[in-house]
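To keep things clear, I will list the structure first and then write my remarks on it.
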Amino acid sequence: MADKATRTKLPPIIINAEDHARLTALASSVLDRIPDVAEALLSELERARVATYDLPMDSVQMGSIVAFDADNGFAKEVTLVYPGEADIEAGKISVLTPIGAALIGLSVGQSIDWLDRAGKAHRMTIRSVAR
Numbered sequence: 062m063a064d065k066a067t068r069t070k071l072p073p074i075i076i077n078a079e080d081h082a083r084l085t086a087l088a089s090s091v092l093d094r095i096p097d098v099a100e101a102l103l104s105e106l107e108r109a110r111v112a113t114y115d116l117p118m119d120s121v122q123m124g125s126i127v128a129f130d131a132d133n134g135f136a137k138e139v140t141l142v143y144p145g146e147a148d149i150e151a152g153k154i155s156v157l158t159p160i161g162a163a164l165i166g167l168s169v170g171q172s173i174d175w176l177d178r179a180g181k182a183h184r185m186t187i188r189s190v191a192r
């Protein structure tokens, strides 16, 4: 049974080669503990264009400060970080969360559907990216 988050055409994404390798290893290492998020991240990494050159400044990479709007009117600014740096109160979101896995590689103006931990579908649109 397909849900809304898997039926929608996914936007193209781009990730630098170093982050791609590190994130692939990270997601693979947690497959047994948090399979849903690890599989979502691995899926994003599989479809990403991997770059060995300087990426556009408006693409979400590790350490990026990202402003987005959600389908429920919620607007947020977060920093995308590795798990050990995560701090929800400081706005630092781990790439090993459903929203973190959805953010990686997106560019300003792109939208993506994602599932929260409860399985509810959401849609977000990237407003700005700073690095």
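Residue numbers for the sequence shown, in my numbering: 62 to 192. We treat Cβ as the ideally placed atom computed from N, Cα and C, and that holds for glycine. Small disclaimer: the values here were computed from a predicted structure and weren't measured.
Residue closest to residue i, alpha-carbon to alpha-carbon, out of the options
i, options, result
"Y143", "G161, S168, G180", "G161"
"A191", "G134, A182, M123", "M123"
"D115", "S189, V169, A78", "A78"
"L141", "G134, S120, D97, T113", "S120"
"S168", "D97, F135, I187, D174", "I187"
"I126", "I154, G170, L176", "I154"
"S189", "Q171, D80, L176", "Q171"
"L176", "A147, R108, A136, A99", "A99"
"A109", "P117, H81, A136, D97", "H81"
Element boundaries [beta strand (DSSP E), containing residue i]
i, result
"R108", "Not the beta strand (DSSP E): R108 falls in the alpha helix (DSSP H), residues 96-108."
"T140", "136-142"
Residue j beta carbon less than 7 Å from that of residue i
i, j, result
"G166", "I95", "no"
"L106", "L84", "yes"
"D130", "R184", "no"
"I149", "A163", "no"
Whole-Å CB distance - residue i paired with residue j, under 8 Å assumed
i, j, result
"E138", "A151", "In fact, because the Cβ distance is near 11 Å, the residues do not count as touching under 8 Å."
"V111", "L157", "That belief does not hold up - the Cβ atoms of V111 and L157 are roughly 20 Å apart, past 8 Å."
"A86", "L102", "Not a contact, Cβ separation roughly 11 Å."
Delimiting residues of the alpha helix (DSSP H) encompassing residue i
i, result
"I149", "Taken as a continuous stretch (DSSP letters only), I149 belongs to no alpha helix (DSSP H), as it is neither H nor E."
"R192", "First-last for R192: undefined, no H or E at that position."
"A88", "78-90"
"I160", "159-164"
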